[in-house]
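Protein chains in written order, with my numbering: chain E, 100 to 210; chain P, 22 to 529; chain U, 28 to 142; chain B, 316 to 395; chain S, 73 to 160; chain H, 2 to 172; chain Z, 52 to 200; chain F, 36 to 123. Even for Gly, the Cβ is constructed at its ideal location relative to N, Cα and C. So the structure is just underneath, and the comments pick up after that.
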Amino acid sequence: MSALFYLLLAIGTAFNGLGAFALMRFPDVYTRIHGATKCTTFGSIFSILAVVAYGFYKGGGEGGTLALHALLALFFLLITNPTGSHALARAAHRAGVKPVGAVVDRLEEKK
Amino acid sequence: MLVHAPILAIAVPLLGAFSLLGVSYINRTLRNVWACLIAAFTSAMAVAVAIRAFTEGVVVYTLGAASPTESVTAGGFPIRIVLAVDGLGAFMGLIAALAGVVAFIYCFQYLREEEGKSLGLSLLLLLWAGILGMVYTGDLFNFFVFLEITSIAACALIGYRVWESRPAEAAFKTMAMYTLGGLLVLIAVGILYGEYDALNIAYLSKAITGSLLDRLALGLLLGGLLMKAGAVPAHMWAPDAYGEAPAMATIVLVANTQAAIYAILRVVFTLFGGALASPGIGWLIASLGIATVLVAVLMAVVQRHLGRLIAYGAVSQLGYMLLAVGVGLVARGGFGEVALTGGIFHMINDAASVGLLFLVVGAVRRAAGSVDLPSLGGLGHTLRWEAGFFLLGALALAGIPPLNGFASKFLIYESTFRASPILAALALLASILLLAVVVRAFQGAFLGPRAREASPAPRGMLVAMGILALVIIVFGLFPGFFIERIVSPAVQAVLTGREAYLAAVLGG
Amino acid sequence: MGNMPFVVSMILVAIGFLTLITRRNLIKLAIGISIIEMGVNLFLVSLGYVKGGIAPIYTYAPPEARAMVFPTPQALTLTAIVIGLATTALMLAFAVVIYRHRGTLDAGKIRELRG
Amino acid sequence: MTALHVLTLILVVVGAALAFWFRDLLAAVIALAGSSLLLSLEFYLLQAPDVAIAEAGIGAALTVAIYILAIRKTHYKEEE
Amino acid sequence: MIAELGFLVAAAVLVGYVFVSMGRLAAGPTTPDRAVALDTINTLVVATMVLLGAALGQVVLVDVAIVYALLSFIATLYIARHLEGGPL
Amino acid sequence: MRKWGAWAASAVFIYIVYLILTLWTGKLGLWSPGELIAGAVIAVLGAIPLAEVVWKRGDARLLQPHRWILFIFYLIGPFFLSMARANFDVAYRVITGKIKPGIVRFQPHLKTDFARTLLANSITLTPGTLTVDVDDDTGEFYVHWIYVRNPDPRPEEVCGPFPAWARRIAE
Amino acid sequence: MSVIVRTVSRVVAPVALAFGAYVIMHGHLTPGGGFQGGAVVASVVALLVVAFGCERWRKWTHVLLPLEDVGAMAFVILAFLGVGATFFRNVLAGSGGLFGAPVPQLGPNPGALNTAGTLPLMNWAVGFKVIAGLGAVVLLLALFGREDG
Amino acid sequence: MKRWLFLASLLILAGYFIAGGVWLRPFGEPARSEMDRYFIEHAQTEVAANNVVTAIVFDYRGYDTLGEATVLFAAVVGVALLLRRARG
């Protein structure tokens with residue numbers, strides 16, 4: 100059973116770290132949003148799933164509450180994270196940040 | 022009913038402030054009546070508490086316990102918030118009641134309905150309740166909370182006249198200083214809590230040993246409270262605030278400043294009275310006081326704005342009180358007692374005279390539309406009563422013999438002379454200078470040719486000013502009577518009442 | 028480690044003071060006061076910490092726990108946080124009104140009241 | 316546990332220092348929000364969940380909201 | 073239990089990643105960059121809080137993470153709204 | 002009538018969330034009676050201000066259960082797989098630095114708000130793409146593509162089968 | 052904001068409201084209470100303001116300010132309940148009626164909603180107050196100066 | 036000149052504060068604990084609340100909470116006063 104937790108945790112931390120490093124590596128806002136959103140969301144899913152599994156494994160009202168509340172937090176992350184990223188990307192574009200090295204920018208053409 | 026008087030004096034104005042907006046949606050007359058009822062009840066309760074405190078000793082009220090006097094648990098330590106009113110607190114309550122009642126009578130005709138009168142009344146009640154809460158509480162953190170209530174309500178009131186720019190600026194500055202002072206007090210509360218795991222003033226006072234951290238806490242408390250009071254290094258906010266606030270708020274603001282002085286007395290004499298009340302701190306406070314007096318008077322000379330001129334006068338009076346507190350701490354007993362008598366008596370005199378001046382300034386602002394001295398002149402032709410009141414207040418402020426300012430200032434000079442003749446000479450000099458300044462202001466505003474049209478103040482405002490004038494005259498004519506009845510218990514509570522206070526709160 | 032939380036909270040207070048003294052924008056002053064409040068809150072909460080303690084809540088508390096951290100500082104901090112928010116809101120409202128009248132937020136330019 | 320405390324506290328100080336340092340008011344507010352968020356995590360570590368929720372709700376959402384609303388009504392950049 | 077130690081270590085690693093994101097918050101040339109860094113920090117801290125809730129053995133602590141997951145979204149929206157410009 | 006429907010739907014939604022939060026509070030049943038009553042009161046009162054926000058015309062089709070089953074299946078199956086792929090894709094780009102970004106436009110022909118939202122969030126979380134803007138009138142998506150293969154792509158090139166899923170689930 | 056943000060707000064707002072109500076309701080059992088839950092629900096107001104624009108909610112200012120009065124007054128009146136003994140006396144605790152049950156077992160326990168006397172009522176009073184007050188602050192700041200740009 | 040004086044005083048002040056932090060007792064080992072032990076032991080019997088913090092906030096120190104609510108009320112009234120009047 101512990102092996103499962105460790106596996107989930109390892110995957111989760113690895114992808115979270117990937118997100119953080121993507122934030123440092125990429126050249127402009129949009130690519131950073133790519134890296135940060137995808138990787139941290141995915142990593143958090145695994146991290147939280149580890150806790151959910153742990154909660155169900157523990158059982159009883161205590162473990163069940165732990166699992167449910169963790170699932171709820173996961174649900175919120177899943178629906179709010181991409182939305183926030185979308186809002187930020189849209190705002191960045193409207194604030195005049197150009198994508199670095201863009202081969203095509205249809206949104207700019209539209210204006 | 023009377024058992025609950027201390028809490029009713031605080032909770033009823035709070036309830037009134039909360040309900041005032043709701044009532045004002047129903048009917049404006051009903052709101053006025055309701056506000057009057059609340060104010061009358063609150064001041065009655067303050068007087069009742071004062072009578073009890075003067076006759077029976079320290080009044081203790083424990084919130085949330087099975088009975089009001091059950092302030093400690095089985096282990097002998099207090100866990101709930103305790104209201105503890107000794108002579109000093111009761112005296113401050115009387116000052117707050119006087120200021121509040123006068124402000125209420127004044128503001129019914131001073132505030133205009135379309136400018137947000139309901140909100141102003143509500144804030145005034147909150148400020149009043151905050152001052153009462155500050156002076157009645159026996160719990161250190163609770164003191165901080167009520168300090169913040171007065172800060173926020175006072176700043177909102179200072180910014181009342183939002184159609185001009187300067188009130189908002191004054192309010193911002195005041196807010197920053199008040200908040201900083203409050204945060205310093207909070208850090209000190211945290212340090213004391215961390216050391217002794219208690220928040221009750223009496224219990225802490227018994228536990229304090231005078232370690233390095235205690236000194237730090239004392240420094241922070243004094244710093245925060247001096248910031249709140251507007252003593253010299255942090256006095257920048259005070260003239261702006263007094264000068265720009267609406268008149269009825271200013272008198273309560275003065276009471277608020279005096280509540281800060283009360284807190285300094287409480288901290289120095291009760292909280293740290295056992296271990297750290299050394300003459301060094303007394304000299305520090307006294308020198309800050311004399312610096313405040315000198316700076317304020319010198320700044321008052323160059324002012325051209327009537328409100329700010331009077332405001333600097335108010336700041337200088339604050340300096341006299343600090344001087345008295347410092348001298349009282351230098352020599353506990355002997356001439357120190359004289360100094361404290363003068364200082365504490367000066368509090369109520371200051372509230373009356375400065376308050377009267379500010380009320381007149383408010384009337385002038387309302388009548389003439391401006392308070393710039395160069396543009397005023399000859400107002401005495403139409404504003405007869407106001408001119409008389411202004412002269413009375415100015416003379417009382419400067420300490421001219423038959424009026425009340427003389428009695429208290431004389432006591433301060435006398436005792437200060439025995440502590441340090443130089444300080445006394447400086448204080449006397451400043452007083453004379455102040456007299457010149459206010460007389461010049463009187464001459465500039467009320468005498469001379471008529472500069473602009475002005476209509477006299479409505480009757481309600483005159484009544485409010487009349488009450489204060491009456492206080493000034495009566496206190497000036499019979500100082501001995503009042504010193505014996507209300508000032509002396511407060512002085513005794515400060516000087517020798519620490520043991521009685523601890524015994525009343527902690528039992529035994 | 029030692030008493031690092033205390034030192035850190037005092038560093039926060041110092042940073043806030045630095046902001047208040049060196050910056051002149053009114054909103055920046057509000058930010059400085061917020062930083063001081065954060066420091067004070069951290070100070071209060073860390074005063075109540077007990078080594079190995081659990082949160083002072085009995086619901087689903089681990090039965091093998093030895094001690095609870097002190098609840099009083101947490102109650103005090105709650106009060107302090109709400110007071111801080113009220114202060115911040117009022118200061119920002121003042122800043123907005125001042126900007127409305129003066130067209131600037133620079134404290135150096137609007138110090139007509141200096142005196 | 317100790318390492319967590321140390322890391323979080325250092326991050327709080329870094330965030331506050333950034334809030335002090337940035338001239339751009341919006342950036343300062345962002346740094347303040349980050350600092351407040353990490354302070355909430357520190358409260359969590361200090362076993363004060365009540366305070367952590369209050370700091371999260373007030374420091375993260377409402378303070379940022381009113382700061383940004385105030386900045387919208389005034390200037391964007393801090394003036395030199 | 074051994075899994076709890078694992079949660080603790082994972083939480084510490086996540087806080088370490090917050091350092092990296094904080095670097096972006098400090099360096100980020102434009103304000104959107106800083107906002108993205110804040111968003112990342114939010115997600116990381118929510119994950120950390122959930123992990124710590126399990127590690128410290130107190131179920132009730134997880135509520136804080138839910139509050140955070142909800143409210144950091146609002147802060148992000150406000151920042152984005154401000155960057156967009158135009159009337160609110 | 003519609004107003005009442007909106008209110009009822011919001012109340013039920015709030016009630017369900019509250020019940021999920023308070024699961025396992027009862028001794029025998031899953032919920033204690035106090036929780037059930039308190040949740041009902043909260044739902045009834047809380048739905049009053051939120052009704053006009055939560056419910057819009059045409060949301061009733063979201064209540065059909067087969068859409069929910071499809072949604073869960075979609076979450077576990079195709080969505081999760083492409084999310085995993087997305088992460089390895091990001092890892093690849095981080096390591097190699099091989100990017101050719103651009104903002105492209107395509108028209109997925111989705112009409113309802115929920116379908117568009119579902120598609121946009123899916124796009125944001127899946128390989129190489131990030132929704133930057135959605136045209137409210139025409140429903141055109143503007144997507145930041147990290148490696149542009151075709152400046153004027155068809156929807157399938159950018160996001161695979163997702164538009165079809167979104168249509169199936171929310172339209 | 053775009054249609055995506057608005058749609059997600061439509062989902063998040065009721066959930067946040069339910070969660071805030073849960074935090075207030077369970078203030079005496081789990082972390083939270085009137086202030087925290089009130090702040091969460093007030094954030095819902097902030098969310099609605101940012102997602103749908105503030106003009107749509109202008110009428111709420113006329114509701115929120117009186118509601119704050121009501122919350123504050125309810126709190127003081129609950130405090131006045133104990134004035135037979137002392138102000139702020141928790142008269143309902145242990146009375147057996149509403150919220151008057153004792154704790155099911157001392158020490159760690161799953162918690163029962165029906166305990167703690169006046170605490171849940173005070174939580175709700177403060178919660179209402181905080182919701183209304185902070186919501187009103189956000190709305191007023193957002194609405195300020197909109198007529199003339 | 037004035038600026039440097041300010042900075043010097045600030046440094047002294049900061050040193051004072053930080054020294055206070057260092058002098059204080061070690062973190063996590065309170066010297067005295069009568070009051071808090073009382074709260075922890077009696078919250079369940081006297082107030083019947085599981086959450087000790089809430090028991091303190093609303094029962095033992097309820098008066099502080101009244102003050103806090105009043106602060107918030109004052110701030111909201113102040114904001115309403117300022118922003119409503121300036122608009123009209």
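- The bridge partners DSSP lists for residue 155 of chain P come to none.
- Restricting attention to alpha helix (DSSP H) runs no shorter than 4 residues, the stretch 103–165 of chain E encloses them at 128–157, ordered along the chain.
- Between residue 114 of chain F and residue 120 of chain U, the CB-CB gap stays under 7 Å.
- Considering only P/334, P/219, P/234, P/149, the residue with the shortest C-alpha distance to residue 67 of chain P is P/149.
- Interface flag for residue 192 of chain Z against chain B is set, since a Cβ pair is found closer than 7 Å.
- Residue state for residue 132 of chain H is assigned as strand, using DSSP reduced to three classes.
- A straight-line Cα-Cα distance of about 54 Å links residue 205 of chain E and residue 31 of chain H.
- Of the candidates E/141, E/103, E/127, E/166, E/127 places its Cα closest to the Cα of residue 201 of chain E.
- Taken through DSSP and simplified to helix, strand or coil, residue 80 of chain U comes out as strand.
- At a Cβ-Cβ threshold of 7 Å, residue 331 of chain B and residue 101 of chain U do not count as neighbours.
- Rounded to whole angstroms, the Cβ separation of residue 82 of chain S and residue 165 of chain E is 16 Å, and the two are not in contact under 8 Å.
- CA-CA distance, residue 195 of chain E to residue 36 of chain P, rounds to 53 Å.
- The stretch 250–300 of chain P is shown to contain whole alpha helix (DSSP H) runs of 4 or more residues at 258–265, 268–286, in chain order.
- Contact between residue 56 of chain P and residue 125 of chain P holds, since their C-beta atoms are separated by about 7 Å, short of 8 Å.
- From the listed residues U/130, U/59, U/88, U/30, the smallest Cα separation to residue 70 of chain U is found for U/30.
- A direct Cα-to-Cα measurement between residue 129 of chain H and residue 56 of chain Z gives close to 21 Å.
- At a cut-off of 7 Å between C-beta atoms, residue 329 of chain B does not count as an interface residue with respect to chain U.
- Partner residues in the beta bridge of residue 52 of chain U, as assigned by DSSP, are U/133.
- Only 169, 173, 176, 177, 180, 183, 186, 187, 189 from the stretch 169–189 of chain P bring a Cβ to less than 7 Å from some Cβ of chain U.
- Contact of residue 179 of chain Z with chain P is not assigned, every C-beta pair being separated by 7 Å or more.
- Any Cβ of chain Z closer than 7 Å to the Cβ of residue 178 of chain E would place that residue at the interface, and such an atom is present.
- Going by DSSP, residue 100 of chain H is part of no alpha helix (DSSP H) at all; its letter is neither H nor E.
- 363, 364, 365, 366, 369, 370, 373, 377, 378: these are the residues of the stretch 363–380 of chain B whose beta carbon lies less than 7 Å from some beta carbon of chain U, given in chain order.
- Membership of residue 201 of chain E in any beta strand (DSSP E) is not indicated, and neither H nor E is assigned to it by DSSP.
- The beta-carbon of residue 153 of chain S is placed less than 7 Å from the nearest beta-carbon of chain Z.
- The Cβ atoms of residue 192 of chain P and residue 179 of chain P lie closer than 7 Å to each other.
- U/38 is the residue among U/77, U/38, U/81 whose C-alpha sits nearest the C-alpha of residue 57 of chain F.
- Below the 9 Å Cβ cutoff, chain U contributes no neighbours of residue 229 of chain P, its closest Cβ being approximately 17 Å away.
- Residue 71 of chain F has a beta carbon lying within less than 7 Å of a beta carbon in chain U.
- In summary, the residues of the stretch 100–131 of chain H whose CB is separated from some CB of chain Z by less than 8 Å are 114, 115, 117, 118, 121, 122, in the order they occur in the chain.
- By the neighbour-count definition (other C-beta atoms within 10 Å, threshold 16), residue 101 of chain P is a buried residue.
- Contact annotation: residue 385 of chain B and residue 147 of chain S have beta-carbon atoms that are not nearer than 7 Å.
- If you check the CB distance, residue 252 of chain P and residue 168 of chain P do not come in under 7 Å.
- Here the alpha carbon of residue 50 of chain H sits roughly 57 Å from the alpha carbon of residue 230 of chain P.
- Assignment of alpha helix (DSSP H) within the stretch 70–156 of chain P, counting only whole runs of 4 or more residues, yields 108–131 in chain order.
- Legend: CB atoms of the stretch 127–148 of chain S lying less than 9 Å from CB atoms of chain U belong to residues 128, 129, 130, 131, 132, 133.
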